[in-house]
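Asker: Handing you a structure now.
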Amino acid sequence: DSGVTQTPKHLITATGQRVTLRCSPRSGDLSVYWYQQSLDQGLQFLIQYYNGEERAKGNILERFSAQQFPDLHSELNLSSLELGDSALYFCASSVGVGRGEKLFFGSGTQLSVL
Amino acid sequence: DQQVKQNSPSLSVQEGRISILNCDYTNSMFDYFLWYKKYPAEGPTFLISISSIKDKNEDGRFTVFLNKSAKHLSLHIVPSQPGDSAVYFCAASATYGQNFVFGPGTRLSVLP
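These protein sequences, in sequence, are chains A and B.
Under the numbering used here, think of the first position of the first sequence as 251, with each following residue one higher.
Under the numbering used here, think of the first position of the second sequence as 17, with each following residue one higher.
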């Protein structure tokens, strides 16, 4: 158990809909990251937050947004969903943003867009 | 444009033998590398890391080798055990940031 909690584990929805994925980082971790893993693809970095502030942005679509709340949990919002958004979404956390920080991953949310 | 490549999607090895997983990168700014292991229905877990100031790092049965001139790293598992069967991701980060770029993964199957 990594200590990172993601909910829900599975999500099935229809095209055009909006969903929210939730992540609770490990106790004491200030950084939260979101990654997307599509079929046969590596982990694509989406976005990082540190202590409530956006730290870095990767290949995140404009239809997607995220935020980190004062209690450090984070939510990833996906809107106007398309079939291609079906993927496994991972949240990870780390203590800070220093060099060499290890990431601790949650078990992911499997999103299926039908 | 894949900055981190793992050209072998899968690898099968006999129990007790050596497993060698390879990773190539294109960005010369990468200077910190990690390997993660992922079992089905679980998130990736950290396995071993190496900084560019080293060319080898060892942790028990796991050794990572880095060849900076070739922009290549490899993970050696000796001896391989059935419990090592998983998907292995190589990841890299550059000095200007922490955000790791992950490769597509290699599925290792260790046969008893």
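Beta carbons: idealized from backbone N, C-alpha and C, even for Gly.
Remember, it's a predicted structure, so these values are computed and weren't measured experimentally.
For B:A110, I'd like the list of residues in its chain whose CB is within less than 6 Å of its CB, leaving aside the five on either flank, ordered along the chain.
Answerer: M45 and F46
Asker: Can you give the Cα-Cα distance for B:S26 and B:I64, rounded to whole angstroms?
Answerer: 20 Å
Asker: In chain order, which beta strand (DSSP E) runs of at least 3 residues are fully inside the region 46–109 of chain B?
Answerer: Every beta strand (DSSP E) stretch that sits fully inside the region 46–109 of chain B and reaches 3 residues is listed by chain position as 46–54, 61–67, 72–75, 78–83 and 88–93.
Asker: Looking at the secondary structure, which residues open and close the beta strand (DSSP E) in which B:F116 lies?
Answerer: B:F116 -> no beta strand (DSSP E), and no H or E assigned at all.
Asker: Which residues in the same chain as B:V103 place their Cβ atom closer than 6 Å to its Cβ, once the five residues preceding and following it in sequence are excluded?
Answerer: Taken in chain order, the residues that qualify are K54, G121 and R123.
Asker: Would you kindly check if the distance between the Cβ of A:G356 and the Cβ of A:V282 is under 7 Å?
Answerer: In this structure, A:V282 lies away from A:G356, with their beta-carbon atoms at least 7 Å apart.
Asker: A:H323 bridges to which residues according to DSSP?
Answerer: None; A:H323 has no bridge partner.
Asker: Please check if any C-beta of chain A sits within less than 7 Å of the C-beta of B:P56.
Answerer: Answer no: the Cβ-Cβ gap between B:P56 and chain A never drops below 7 Å.
Asker: Starting from A:Q291, trace the beta strand (DSSP E) in both directions and tell me its first and last residue.
Answerer: Neither: A:Q291 is in no beta strand (DSSP E) and is coded neither H nor E.
Asker: On the three-state DSSP scale, how would you describe A:L331?
Answerer: coil
Asker: Given a threshold of 16 other Cβ atoms within 10 Å of its Cβ, counted over all protein chains shown, does A:F319 qualify as buried or as exposed?
Answerer: So A:F319 ends up on the exposed side.
Asker: Give me, in chain order, the residues of the same chain whose beta-carbon lies closer than 6 Å to that of A:A306; leave out the 5 immediate sequence neighbours on both sides.
Answerer: Q298
Asker: Just to make sure I have the definition right: I need the residues of chain B whose C-beta is within less than 8 Å of the C-beta of A:R252. Which are they?
Answerer: Note that residue 252 of chain A is Ser in the sequence shown here, rather than Arg. Chain B residues near A:S252: G59 and T61.
Asker: To be precise: take each residue of the region 310–324 of chain A, compare its Cβ to all Cβ atoms of chain B, and keep it if any distance is under 9 Å. Which residues remain?
Answerer: For the region 310–324 of chain A, no residue has a beta-carbon sitting nearer than 9 Å to a beta-carbon of chain B.
Asker: Could you name the residues of chain A that B:F49 contacts, counting a contact when the two beta carbons are closer than 9 Å?
Answerer: By Cβ distance, chain A contributes nothing, its closest Cβ being about 10 Å from B:F49, past 9 Å.
Asker: Could one say the Cβ of A:G278 lies closer than 7 Å to chain B's Cβ atoms, at least one of them?
Answerer: no
Asker: Give the residues of chain B in contact with A:G358, contact being defined as C-beta atoms less than 9 Å apart.
Answerer: Those within 9 Å of A:G358 in chain B are A57, E58 and G59.
Asker: Is any beta-carbon of chain B found at less than 7 Å from that of A:L293?
Answerer: yes
Asker: Assuming contact is defined by CB atoms lying nearer than 7 Å, are B:F49 and B:L89 in contact in what I supplied?
Answerer: yes
Asker: Would you mind giving the Cβ-Cβ distance between A:L326 and A:L280, rounded to the nearest angstrom? I have them listed as a contact below 8 Å.
Answerer: At roughly 18 Å, the Cβ-Cβ gap does not stay under 8 Å, so A:L326 and A:L280 are not in contact.
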